[in-house]
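Colleague:
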Amino acid sequence: MGRKLFLSHLDEASLLGIDNICSIHSPEDGIVAFNYVYPDSHRLQVHVEAFANDLAEYPDGNSFVLSTKDNSLDPIVTETLQKVTENAHGKPLPNLLTEVSELLTAAITKESAQDNTLADQAMADDDFDLTLEGVSDDECFGLAALDPRSAGRAHATSLSAGSQEKMEKIRADLRTLKNSGFRVGVFGNIASSGVLCVSIRVSKLGLSDEALQAWNIPRKHYFLLLIRYTGGYRDATRVTDAQELSNSMDMRVGLCDHYKPPLPQVLALYQYIKPDNVTSNKNADTIPKDDPAFQRLFIGNAINQLLEERVFKIISARQLYDLTWLGAEKYINQIQATSSSSIIGDMTPYRCSDDANASNLPPIVLADHMRQERVAKASLPLIIMQFALRHFIRCTEFCLVCHYRVDDAFEALKPYVCLKPLCLYQYMSLGFGPSLEWEIMAQPYVVDLLVSFCYAAARSGRIKEFPIGMNLMVPVIPRFSEVSYVRKSFACLWSMSLRCLVVADDEKKESAVKNLKSGDWIVLLCRQAGAAAHCRVMRVDLPDVWLHEPVSVPLPEHCRIFGCATKDANENGDFLNAECYLYDKNFDNLVKEHQQGAIMTLLDALPDVIEMHQYLGGQGKSHEFSLKAWSDRIPESTVNLLRWIVASNRSCIFQVDDIDGKTGCEIRGKAEDRVGGMASWIQFRFAQGAPDKEKRFNQSVERHARATRTKYPTLFAWHGSPMGNWHSIIRQGLQYDDILHGRSYGNGVYMSPHASTSLGYTYEVVHSNCSWQGSLLKIEKVLSLQEVVNDPEQFTSTVPHYVVPKVDWIQTRYLFIKTKDAPIRRDLAVEIYEQDPNRRAYNEACEVLSIPMTAISKARRPGNSIESAATPRGKRTKRIVTTDLATAEQREDDGDSVVSDADDLALLQDADQKYDLGLHESDATAESLCASGKKRPAEAALDTDFVPGKLDIRDITCMEAPQDATPIASTALMGLFRDALKTQESTPPATLGWYIGRNLISNVYQWIVELHSFPKDLPLAKDMKDAGVTSLSWRCDSPASILSVPRSFEWSSLASYPSTEAEVGTSPREVQCAWRC
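With the UniProt record's numbering, the residue at position 618 of the sequence shown is 618, and numbering never jumps.
1) Assess, as a yes-or-no matter, whether the stretch 216–232 is touched by the stretch 255–270 under the definition of 3 or more beta carbon pairs within less than 8 Å.
2) If you follow the beta strand (DSSP E) that E308 is part of, which residue opens it and which one closes it?
3) Name the residue from S180, R374 and D70 whose alpha carbon lies nearest to the alpha carbon of I200.
4) With distances taken from CA atoms, which of V46, H727 and D40 is nearest F34?
5) Could you say which of E49, E867 and K1025 lies nearest to I31 if we only look at CA atoms?
6) Which first and last residues belong to the beta strand (DSSP E) in which M751 is found?
7) Name the one or two DSSP bridge partners that W1007 has.
8) Pull up the distance between the alpha-carbon of T798 and that of R703, whole angstroms please.
9) In whole angstroms, give me the CA-to-CA distance for D979 and K260.
10) What is the rounded straight-line gap between the Cα of P363 and the Cα of E79?
11) Can you check DSSP and say which residues form a bridge with R201?
12) Among W1007, S1038, N838 and K806, whose alpha-carbon lies nearest the alpha-carbon of A969?
13) Skipping 5 residues on each side, what residues in its chain have a beta carbon closer than 8 Å to that of Y270?
14) Comparing alpha-carbon positions, which option in L430, Q426, C423 and E397 lies nearest P415?
15) Got a sec? Which residues, its chain only, sit under 7 Å from Y842 by beta carbon, not counting five neighbours each side?
16) What is the C-beta distance between F816 and L776, in whole angstroms, given that I count them as a contact (C-beta under 8 Å)?
17) What three-state label does DSSP hand residue 1135 in the structure shown?
18) Cα separation between V1029 and L1020?
19) At which residue ranges does the stretch 495–536 contain complete beta strand (DSSP E) runs of 3 or more residues, listed in the order of the chain?
20) Just the Cα atoms here: how many angstroms apart are R296 and Q528?
21) Could you check the C-alpha separation between E57 and Y350 for me, to the nearest Å?
22) Nearest-angstrom Cα distance between S680 and R479?
23) State the start and end residues of the unbroken beta strand (DSSP E) segment that holds V803.
24) In the DSSP output, which residue or residues are listed as bridge partners for D1026?
25) Taking Cβ to Cβ, would you say T638 is nearer than 8 Å to L602?
26) According to DSSP, is P148 part of a helix, a strand, or is it coil?
27) Looking at the unbroken alpha helix (DSSP H) that takes in R390, where does it start and where does it end?
28) Assign residue 1079 to one of three DSSP states: helix, strand, or coil.
29) Going by DSSP, name the residue or residues bridged to F453.
30) Answer yes or no: do P421 and V198 have a C-beta to C-beta separation smaller than 8 Å?
31) Using only the alpha-carbon positions, how far apart do L884 and K464 sit?
32) First and last residue of the alpha helix (DSSP H) that includes T812?
33) Please report the straight-line C-alpha distance between K585 and F490, rounded to a whole angstrom.
34) Report buried or exposed for M864, applying the criterion of at least 16 other Cβ atoms within 10 angstroms of its Cβ.
35) Please look up how many angstroms separate the CB atoms of L93 and F223, rounded, as I've assumed it's under 8 Å.
36) Identify which residue in I299, Q305, V186 and L307 has its Cα closest to the Cα of P262.
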């Protein structure tokens, strides 16, 4: 993918029109040639070639070497190209060419002293990854040129004592973050202003696969906290000044598939550049999908609001009153709910534990830095990260708007709001909920399922929680009987074919007629024609009212009793008597019966899910999906109700079967998860409970399996219920507070191993049509399949039903839908879960079900993993070991971790600090180190006093590239250079024994290599220690004819410790001669 992106950027650079750059082309693979045109003379040009050293890793892992063969040039050109080469690592090609143009132009047109200043500033910017095309330091962050890696450099001595002390505090805070198990990334200089990125891989947070699916979060992604310092770094000593901290720090959370997002996206996030400039539409399709990208978290808006408004108040309250997170949150909530002058004297209610619901969370989520460290030494970024992580992992415990603890009677898999109407209104209006449009595009048939359940619940009168507080304006029409009288807005004559209403003179006095305007929605009932429709008003020109295309809906059952259809009159355009009902009633003020009816009325106007899917798909990639934009087809109140139906679902439902609609739009599922033996049923994966429910269930399974010593730790059983109940079940779980069919066999959740038995409980008490007319599924029956702890002795009853008293012993796995026209689906050949022969689950025909292995938790599925083991000599061997699938995937994620960028690692080290292997580890090793607080034995033996990047090259003579060098030779050397860097990045420094600084390579024909970490018992190592020398420099020169003569060295010899033949003398000159030999 790197090569593809390189070619795309090559085409883009050719079309950009970069100043003074022309004739951009690629004469050979990995080589870019171009001409620089002098600004004061179009005839004077410089031919430049840029050699890419690793296209496969372009741009982040690639570097460029720039050179020119033009002899009659000002020396400043060669010097400038060398400076660009030193800082070319990780740069996209357009940015590189732009920098060449800017620096050459500055060098040629300005005086030498000014030239050097500008070039040095540009290079310093690049050190912090802030050089962007058209974006400078001051335009972005206003950063000072303070390089945390500059210890030992000339300008570092100019730092004041205060600045040095501040940098030491920053390093200490960031090291604390690192040692606590988090990744650290920096954009710019956070001492004055800049952005700090703190991250952790999602797979390390203890979330179940069901939670990750429900939250739409890939397990290999990172949870990010970005902190922008607008007025310089702030440490924990200022926690009592919450307002000052809030004004100085801007915090955001999100996701990324890298431990830190690309700089352009960070700049766009903070609006330093327009988001459109990050990725143009032209080349969006050519960018690899695996490029790192910042993604918004599904509850990101809620957490960002909490960070902005309360985090520093809560931290301050914790510090002042010695409270837990929960106690401080309750305290701040109470302060904000009362007047500012109120004083809370009794702090007893706020001294509460925060661990009641957190026993199954991993230590990194439960860690509390404020309990472990005094504020003077505490790391404020770590405190904020732990707070953000707490509200991310435990989001189902809190209202997403007011952030109060919600009622935990039902443990939800998805977060929601509390019962306060204002919270529901803000949840919907501020975009805190899931994206309705995304759900329709990704899983339209799940949306069909949710709407069908809600409609059936309204028809059966079983909705328990209503969308109160959303300011829904609805029509109220006669739906069930004349007992509950409903007054029409006005009467009129209606011509369906002409889309016109005629209002009689005596009706014009009605307030509803006077207030009617273009854009309003109305419901028309024509008993005479047996027709009903929702219409949007196009124009009001009394007595005529002109309408948009009507949305035909079923006439309410009560009205059909008096219907006398006159189809001919309708087709001939005749005007028929009709009743008009406006969308003018506030849903919150209606009685319960009218609320149930209003929900049905609004959903009648909803198109089917494939129509909505196709409408959203037709909006194109350049627009944000919006169902509200379809204002001529769907009333706004209907869209808001649909949004509530989807957002209030607190279970995880995913389509299993491939479903091919009548329109030919096939929606793919995950057919390998299909349960065998249910050929005529549509299947969905179904999960409920808190994010840690799966872990608690697995613990129950393990505990009971040990007690019973059974080979079959779980069994599967059915649960059936009328369709009108499922709207509540998917929101509140399989509770047994309602007694619909009796409770003859005790308290608990009733299930059966036989599908035929559970089907007997799916019939409605009131036999009527409960189906939503727009449903493509046309649901008739609903069953769920549960996995249950196999310990029947502990059940309340086992005959004739399983009655299980504890919810933690039950985990829902599947939802089965019986439809009118269900196609027969064949079973796939997959690995089958072995059931208890005495307690198998059966289908309708009493045939044994085939449960796929994917139905159970990964923690109980077998898997293979590659394990590393240290040998006595310090080497590591690998072997394949058998473990559970969850552990295998965790280890795979650890193996895929990337090493932190050099800039980020340098910031964590003091100028005189020894090289710390832990700082260079990826997720797996770094976090394992911090968990134990000790180094592994193999690592302890690899300590070294070598610190990279401190070599003083002022006394080293650097040569120019050979004039007769050929592109083939240059490409070959670039390949060797790339291999050397890869070996360097993947091998511990003390094991490797050599180091190449990227910024010291001005051309591939001369490498500066540092030799270090000699065995301590060698005379050379002792002499170096006595002299205070940690490395020896080696200048490796290659001739232009390198391909035709034997090479003077091999990397295998550099990868081992020096032989005794090189251990002669103590002076640098003698050592240098010995190594040349």
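The beta-carbon is built from N, C-alpha and C at its ideal position, and this holds for glycine as well.
Modeller: In this structure, then:
1) yes
2) In the sequence shown, residue 308 corresponds to position 308, counting from 1. Not the beta strand (DSSP E): E308 falls in the alpha helix (DSSP H), residues G300 to E309.
3) Numbered from its first residue, the sequence shown carries residue 200 at position 200. Checking every option, the nearest Cα to that of I200 belongs to S180.
4) Numbered from its first residue, the sequence shown carries residue 34 at position 34. Selected option, being the one with the closest Cα: V46.
5) As a working note, residue 31 is residue 31 in the sequence shown. For the residues E49, E867 and K1025, the minimum Cα distance to I31 belongs to E49.
6) As a first step, residue 751 must be located in the sequence shown, where it is residue number 751. V749 to M751 is the extent of the beta strand (DSSP E) around M751.
7) Counting from 1 along the sequence shown, the entry for residue 1007 is found at position 1007. In the DSSP output, where bridge partners are listed per residue, W1007 has C1036.
8) Numbered from its first residue, the sequence shown carries residue 798 at position 798. Numbered from its first residue, the sequence shown carries residue 703 at position 703. Cα to Cα, T798 sits roughly 20 Å from R703.
9) Reading the sequence shown from its first residue, position 979 is the one you call residue 979. Reading the sequence shown from its first residue, position 260 is the one you call residue 260. Distance between the alpha carbons of D979 and K260: 25 Å.
10) Against the sequence shown, residue 363 aligns to sequence position 363. Against the sequence shown, residue 79 aligns to sequence position 79. P363 and E79: Cα-Cα distance of roughly 53 Å.
11) Residue mapping note: residue 201 aligns to position 201 of the sequence shown, counting from 1. Partner(s): Y222.
12) Numbered from 1 along the sequence shown, position 969 holds the residue referred to as residue 969. It is S1038 whose Cα lies nearest to the Cα of A969.
13) For the purposes of this step, residue 270 is taken as the residue at position 270 of the sequence shown. Only V195, R228 and D250 meet the Cβ criterion.
14) Your numbering for residue 415 matches position 415 in the sequence shown. It is E397 whose Cα lies nearest to the Cα of P415.
15) In the sequence shown, counting from the first residue as 1, residue 842 sits at position 842. Same-chain partners within the cutoff: P753, H754, A755, V848 and L849.
16) On the sequence shown, position 816 is the one that residue 816 refers to. On the sequence shown, position 776 is the one that residue 776 refers to. In fact, because the Cβ distance is near 17 Å, the residues do not count as touching under 8 Å.
17) Missing from the structure shown is residue 1135; the chain here goes from 1 to 1077 and no further.
18) Here residue 1029 refers to the residue found at position 1029 of the sequence shown. Here residue 1020 refers to the residue found at position 1020 of the sequence shown. Roughly 11 Å separates the two Cα atoms.
19) 500–502 and 521–526
20) Looking up residue 296 in the sequence shown gives position 296. Looking up residue 528 in the sequence shown gives position 528. Distance between the alpha carbons of R296 and Q528: 53 Å.
21) Taking the first residue of the sequence shown as 1, we reach residue 57 at position 57. Taking the first residue of the sequence shown as 1, we reach residue 350 at position 350. Cα to Cα, E57 sits roughly 53 Å from Y350.
22) Position 680 of the sequence shown, counted from the start, is the residue given in the question as residue 680. Position 479 of the sequence shown, counted from the start, is the residue given in the question as residue 479. Cα to Cα, S680 sits roughly 34 Å from R479.
23) Your numbering for residue 803 matches position 803 in the sequence shown. Start and end: Y802 to V804.
24) By one-based count along the sequence shown, residue 1026 stands at place 1026. The partner list for D1026 (beta bridge, DSSP) is empty, contrary to what the question assumes.
25) Along the sequence shown, one-based indexing puts residue 638 at 638. Along the sequence shown, one-based indexing puts residue 602 at 602. The answer is yes: Cβ separation under 8 Å.
26) Against the sequence shown, residue 148 aligns to sequence position 148. With a pLDDT of 37 at P148, under the threshold of 50, the modelled position of that residue is not reliable, and the figure given next carries that caveat. Note: P148 maps to coil in three-state DSSP.
27) What you label residue 390 is simply residue 390 of the sequence shown in a count that begins at 1. Segment L380 to I393, the alpha helix (DSSP H) holding R390.
28) As shown, the chain starts at 1 and ends at 1077. That puts residue 1079 outside it, with no answer to give.
29) What you label residue 453 is simply residue 453 of the sequence shown in a count that begins at 1. Beta-bridge pairing links F453 to no other residue.
30) By one-based count along the sequence shown, residue 421 stands at place 421. By one-based count along the sequence shown, residue 198 stands at place 198. Not a contact, by the Cβ cut-off of 8 Å.
31) As a first step, residue 884 is located in the sequence shown; it is residue number 884 there, counting from the start. As a first step, residue 464 is located in the sequence shown; it is residue number 464 there, counting from the start. Going by the sequence as given, residue 884 is Asp instead of Leu. Whole-angstrom Cα-Cα distance: 41 Å.
32) On the sequence shown, residue 812 is found 812 positions in, with the first residue counted as 1. Run containing T812: none in the alpha helix (DSSP H); it sits in the beta strand (DSSP E), I810 to T819.
33) Against the sequence shown, residue 585 aligns to sequence position 585. Against the sequence shown, residue 490 aligns to sequence position 490. Straight-line Cα distance between these residues: approximately 14 Å.
34) By one-based count along the sequence shown, residue 864 stands at place 864. Note that residue 864 is Asn in the sequence shown here, rather than Met. So N864 ends up on the exposed side.
35) Here residue 93 is taken as the residue at index 93 of the sequence shown, counted from 1. Here residue 223 is taken as the residue at index 223 of the sequence shown, counted from 1. In fact, because the Cβ distance is near 32 Å, the residues do not count as touching under 8 Å.
36) Here residue 262 refers to the residue found at position 262 of the sequence shown. Out of I299, Q305, V186 and L307, V186 has the C-alpha closest to the C-alpha of P262.
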